[in-house]
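> The structure's right below; bear with me while I get my questions together.
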Amino acid sequence: MTLELQNIQKSVEGSQHIYPTSLVLEKNSINLLLGATLSGKTTLMQIMGGIEKPTQGKILFNGNDVTNMSVQKRNISMVYQQFINYPNFTVYENIASPLRLQKMKESVLDQKVQEVADLLKLTPMLSRKPNELSGGQQQRTALARALIKDSDLILLDEPFANLDFKLREELREELPKMFENKNTIVVYATTEPSEALLLGGNTVLLEEGKVIQFGKTQEIYRRPLNINSANVFSDPPLNRAKIFVKNNKATLEKVSWNVSLQDGEYTLGIRPHHVYPKKINEDFFDITGQVSIAEISGSETLVHFKLKENSWVSQSHGVHNFELGQISKFYIDISKCLYFDGKGNYING
Amino acid sequence: MNKKTLDNKAWLFVLPMFVLVAFNAVIPLMTVVNYSVQETFGNNLFFWQGVDWFEKVVNSERFYNALGRQFLYTGIILIIEIPLGIAIALTMPKKGIGVSFCLILMSIPLLIPWNVVGAMWNIFALPDIGLLGYAINNWLNIDYNFTQQPFSAWFTCILMDVWHWTSLVVLLCYAGLISIPDAYYQAANIDGAKPWSVFRFIQLPKMKKVLTIAILLRFMDSFMIYTEPFVLTGGGPGNSTTFLSIDLVKVALGEFDLGPAAAMSIIYFLIVLLVSWIFYNLMMRNEEN
Amino acid sequence: MARVKLDNLNHSYVSNPTSDDYVLKNINIEWNDGGAYALLGPSGCGKTTILNLISGLINPTSGSILFDGKDVTNLSPLERNIGQVFQFPVIYDTMTVYENLAFPLKNRGFETAYIDKKVKEIAEILELSPSLSNRASGLTADGKQKISLGRGLVRSDVNVLMFDEPLTVIDPLLKWQLRSKLKELHHEFKNTMIYVTHDQTEALTFADQVVVMYDGVIVQVGTPTELFETPKHTFVGHFIGSPGMNILPCDVNSQNVTCFNHPIKTSSDLKNIKSNSKLQIGVRPEFIKFSPSGLPVIVNNVSDIGRYKVVDCLIENQRIKVIVNEGDDIPSGKAYLEFNSNFTKIYEDSWMVS
């Protein structure tokens, strides 16, 4: 069972919301739509589900053209950022509602509802109404309603964005369990790179309506196609600097090292957690910077420091104390450097 | 644009209403257009007149007088009712039992049939036995008789309309006001803003959409007003309160000049449409800026 | 700037409250002049209520609030001279960015020259200078939040600056920038800043001292490091850290601690433990490592976060999470765990044994 988008485009009143894109999503996969707000995640998701029609292009489900099929005829479920439940139904009725529309037998229906409620830890709340529940419980109800249908496609639009940090963690952990053995395609939209990494699966990176990369989440993270991909997938942002390569030697701030790149100007990218405040490995190169802020979060330290032309961040385990304005050495793991050419494309160095 | 699901069975539900609307609106409208270009004495004999009636109306002093009166009336109504409506909405409570009480109070004038409103005020304003008329004449010592003095007739018409329709503005503005989140008032409080600044920079801008609707509705309704002033003054004394629609009916039914009346109706309709359209676009353009 | 003291604060939103109706119970906090503080806790714990009590938007059921020793409990927000940034951007739509920033100063009757200087200064720091003459309603969400922030900073005599989950509507990338910017601002202006959030990263990176709350009571007050390394309550252990602390059942037998019949070394003093209390071990995933011998577990699942991996282990239906650095080996199937005894604590009835 596959969902295929062929050359999908969406423009509204002259402005392009989604640039031409083609994707194939396989069954039993979790697919993340990762991008900033207004990057097109919701629009793309709605096109996949048939809630919005693309201006151009085709959508194929298992090889069948469903582009013009109405949403009701497609077998999909959707969970929204705002907790959307039927306010006048109890939790039980909310979860049962898709099955009632299918006119399922009562005994079978009851068993299914109990199963899903148990999976989502809603069993003690079955007789309550949504407005008596906490945010987390309301969203669980919405999830239960989406899961019970055995849909071919489940769409989740930043479902945990309105929940507490800890609750978000909890529900995110439970998510893979909810989808195992379901034979469904899951599409999950988020703005947080860490969520994408935690959920795994495949990621579609979106920036201003364009799909800039699609592939296995881990692969995109380690091998971004271009500097935009690397940036979208970074929290804190990628450390960047311009470097010059001559005779296979790259130079940054008086430090040189060997690279297998052609001569020219490149952009060096290195993730903050590969810049260390202490020399952990003999192979690391050091650069000197002036500390502008140090943020200590108990388990790790984030140090912002200024190089000649750039502001970089070092993210490291443990507590390291720095004085504002202090000139300090920072150590780069050269093996983790990412190189991008003049056009921003990734080059293997 | 989000296309909603097309379910062809839905058309069957709409069909009866469609027929009714066609019967009540489209066909009469077509009849009026037909009459406006023909001469008839109602005996099914029609003589083509072309644009003659339109020319006659456009060149008639009587028409311009009525039109002038109408614009003046509508202008005064808007100038009084809109600020008054906003002011009352601002003083209405937002929480607690007072809310229901105020909402009901405001709704009452809107529920009374319009000719009853006219009749009520007719008696109320009578100089000898009406409470208002008596009070003005004897307690304020002003000579007041709306059946004889044009100024008093205007005064009474306007007072009646304000009493009848300000509530609509109040209710619309109130709906706009209660949708403003508390955080705005809190921030203004912290910023040290005085009540007038709060009104000017928070409440008024946030009420913009509902105010547009309120002004548009009051404009259209007051421009086409017929029943209340007709029942109150009959268009008099003389023709001092003969507003456009009253004049129209006089021509059509009183003088049985169906042709000119039909032409006048169409011109009337076009004026309302034009002014509403201009006004609406002005408000919408302001919003986009 | 002022020293803020909350004295025996109790609050209920109901007029004749019973003990269940109180959303704040016996709150006592003292905050120093010029410090950066955070109120951290889950939704509904009362942190926004405390914020609104300090700013004067609501009056406490009982207790008092003091600025620099002076009782301000009955003063209005205007009189208390505070600044507050709300969860969603609150700006005056019809004004330009400049006018928005100038508004609080204009209302207080400052001279135009002074206002101009202040507005330009703050706009420069917040990187709003290029948009000063634009209409405020045209800015992005983070731009609007900066304006809200700016309106508080523009008043140099402000006693306390308060932030009510201000980064909620901001994207992660910009969230990060704004957070650092706030820290910078604190360094520069040395205002007393109180930051309310449910996001521990925000709280811990911003504040010098964090107040952790749960269900209307203060559970622990401490620096981010203290809260991380010595959480006094299992709730703090669980709430802070991503993933949170592992809480495991244990038995204590005359100075020996065992967990699933395996001996564990802790740094807690076992002298005063009562016999029939609920005993648990708390140890953070950061302080556990795989070793050739130790607590036997089965490796269940590995999540790769990029800079580290979270390994989910199982022992007799009890989950234990371990954090492993990028590049380190992870065994599969059967494995053994070793706990760092310095950071392994005993909890009696959920409170840390010291």
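Heads up: the sequence lines are chains A, B and C, in that order.
Using this note's numbering, the first residue of the first sequence is number 1307, and each one after it goes up by one.
Using this note's numbering, the first residue of the second sequence is number 208, and each one after it goes up by one.
Using this note's numbering, the first residue of the third sequence is number 463, and each one after it goes up by one.
Heads up, the beta-carbon is just placed ideally off N, CA and C, and yes, glycines get one too.
Source: prediction; values computed, not measured.
Alpha helix (DSSP H) containing glutamine 1315 of chain A: first to last residue?
Where glutamine 1315 of chain A is concerned, there is no enclosing alpha helix (DSSP H), although the beta strand (DSSP E) it sits in stretches over 1308-1318.
> Grab the span of the beta strand (DSSP E) containing tryptophan 346 of chain B for me, first residue to last.
Premise fails: tryptophan 346 of chain B is in no beta strand (DSSP E) and is neither H nor E.
> Any idea if tyrosine 1527 of chain A is buried or exposed, counting beta-carbon neighbours within 10 angstroms, 16 or more meaning buried?
By the neighbour-count rule (16 or more Cβ atoms within 10 Å), tyrosine 1527 of chain A is buried.
> Counting beta carbon pairs with one atom in the stretch 1585-1592 of chain A and one in the stretch 1631-1650 of chain A, are three or more of them shorter than 8 Å?
Cβ pair count under 8 Å is three or more, so yes.
> Against glutamine 393 of chain B, what residues of chain C qualify as contacts under a CB-to-CB distance less than 9 Å, listed in chain order?
Within 9 Å Cβ-Cβ: Asn514, Ser517, Leu519, Pro539, Gln546, Phe548 and Val552.
> Does the beta carbon of isoleucine 1633 of chain A sit closer than 8 Å to a beta carbon anywhere in chain C?
It does not: the Cβ of isoleucine 1633 of chain A has no partner Cβ on chain C nearer than 8 Å.
> Quick check on the burial criterion: 16 or more other C-beta atoms within 10 angstroms. Buried or exposed for serine 524 of chain C?
It counts as exposed.
> Any beta-carbon of chain C closer than 8 Å to the one on glycine 1650 of chain A?
Chain C contact via Cβ: absent.
> Would you mind sorting histidine 648 of chain C into buried or exposed? The rule is 16 or more other CB atoms within 10 Å of its CB.
Counting Cβ neighbours within 10 Å, histidine 648 of chain C comes out buried, since at least 16 surround it.
> For a contact defined as C-beta to C-beta under 9 Å, what are the partners of proline 402 of chain B on chain C?
Going along chain C, no residue has its Cβ under 9 Å from proline 402 of chain B, so there is no contact; the nearest lies around 12 Å.
> If I measure Cβ to Cβ from serine 812 of chain C and keep anything under 8 Å in the same chain, skipping five residues before and after, which residues do I get?
Within the same chain, serine 812 of chain C has close Cβ partners His695, Thr696, Phe697, Lys740 and Gln742.
> Tell me where the beta strand (DSSP E) around arginine 1546 of chain A begins and ends.
First-last of the beta strand (DSSP E) with arginine 1546 of chain A: 1545-1552.
> What residues in its chain sit with their C-beta under 7 Å from that of alanine 459 of chain B, if we drop five residues either side in the sequence?
Closer than 7 Å at Cβ, skipping near neighbours: Leu465 and Ala468.
> Distance check for methionine 237 of chain B and phenylalanine 230 of chain B, CA to CA, integer angstroms please.
Near 11 Å, if we compare the C-alpha coordinates of methionine 237 of chain B and phenylalanine 230 of chain B.
> Let's test the definition: count the other Cβ atoms within 10 Å of the Cβ of aspartate 483 of chain C and tell me whether it reaches 16, buried, or not, exposed.
Exposed: under 16 other Cβ atoms inside 10 Å.
> Look up glycine 1506 of chain A in the DSSP assignment and give the residues it is bridged to.
DSSP, once it has assigned bridges, lists no residue as partnering glycine 1506 of chain A.
> Only counting runs of 4 or more residues, tell me where the alpha helix (DSSP H) segments fall wholly within the stretch 421-483 of chain B, in order along the chain.
Counting only runs of 4 or more, we get 434-440 and 451-456.
> Applying a beta-carbon distance threshold of less than 7 Å, which residues of chain B neighbour methionine 557 of chain C?
Ordered by position in chain B, the residues that pass the 7 Å Cβ test against methionine 557 of chain C are Phe408.
> Name the chain C residues whose beta carbon is nearer than 7 Å to that of proline 412 of chain B?
Here the neighbours are Asp555 and Thr556.
> According to the neighbour-count rule (16 or more other Cβ atoms, all chains shown, within 10 Å of its Cβ), is glycine 1356 of chain A buried or exposed?
With 16 or more Cβ atoms within 10 Å of its Cβ, glycine 1356 of chain A is classed as buried.
> Alpha carbon to alpha carbon, how far is serine 1321 of chain A from leucine 1407 of chain A?
Roughly 38 Å between the two C-alpha positions.
> Would valine 476 of chain C count as contacting chain A if we go by Cβ distances under 8 Å?
False, the Cβ-Cβ gap to chain A never drops below 8 Å.
> Can you tell me the Cβ-Cβ gap for leucine 623 of chain C and methionine 655 of chain C, rounded? I've got them flagged as a contact below 8 Å.
About 5 Å separates the two Cβ atoms, so the contact holds.
> Going by C-alpha distance, which of C:Leu757, C:Gly768, C:Asp469 and C:Lys608 is nearest asparagine 488 of chain C?
Measuring from the Cα of asparagine 488 of chain C, the nearest candidate turns out to be C:Asp469.
> Specify, as a first and last residue, the run of the alpha helix (DSSP H) that arginine 1529 of chain A falls within.
Per DSSP, arginine 1529 of chain A belongs to no alpha helix (DSSP H) and is neither H nor E.
> Excluding the 5 residues flanking tryptophan 370 of chain B on each side, which residues of the same chain have their C-beta closer than 7 Å to its C-beta?
So the qualifying residues of the chain are Pro316.
> Which runs of the alpha helix (DSSP H) at least 4 residues long sit entirely within the stretch 613-680 of chain C? Give them in chain order.
Taking only runs of at least 4 residues, the alpha helix (DSSP H) segments lying wholly in the stretch 613-680 of chain C are 634-651 and 662-668.
> If contacts are defined as beta-carbon pairs under 8 Å, then phenylalanine 701 of chain C and lysine 1427 of chain A qualify, I think. What distance do you get, rounded to the angstrom?
Not a contact, Cβ separation roughly 19 Å.
> Using the beta-carbon count (16 or more within 10 Å), is leucine 477 of chain B buried or exposed?
By the neighbour-count rule (16 or more Cβ atoms within 10 Å), leucine 477 of chain B is not buried but exposed.
> Does histidine 1626 of chain A come within less than 8 Å of chain C when only Cβ atoms are used?
No, because no Cβ of chain C sits closer than 8 Å to the Cβ of histidine 1626 of chain A.
> Of the residues A:Val1609, A:Gly1521, A:Glu1601 and A:Ile1454, which one's Cα is nearest the Cα of methionine 1384 of chain A?
Cα-wise, what sits closest to methionine 1384 of chain A is A:Ile1454.
> Look up methionine 814 of chain C in the DSSP assignment and say whether it is helix, strand or coil.
If DSSP states are grouped into helix, strand and coil, methionine 814 of chain C belongs with the strands.
> Which runs of the alpha helix (DSSP H) fall wholly inside the stretch 248-320 of chain B and span at least 4 residues, in chain order?
Those alpha helix (DSSP H) runs which fall completely within the stretch 248-320 of chain B and span 4+ residues are 259-265, 268-298 and 304-318.
> Grab me the residues of phenylalanine 548 of chain C's own chain with a C-beta within less than 8 Å of its C-beta, minus the 5 sequence neighbours each way, in chain order.
So the list reads Ser610, Asp626 and Pro628, once near-sequence residues are dropped.
> Along the stretch 679-708 of chain C, where does the CB come closer than 9 Å to a CB of chain A? Name the residues.
Result list: Thr685, Pro686, Thr687, Glu688, Leu689, Phe690, Glu691, His700, Phe701, Ile702, Gly703, Ser704, Pro705 and Gly706.
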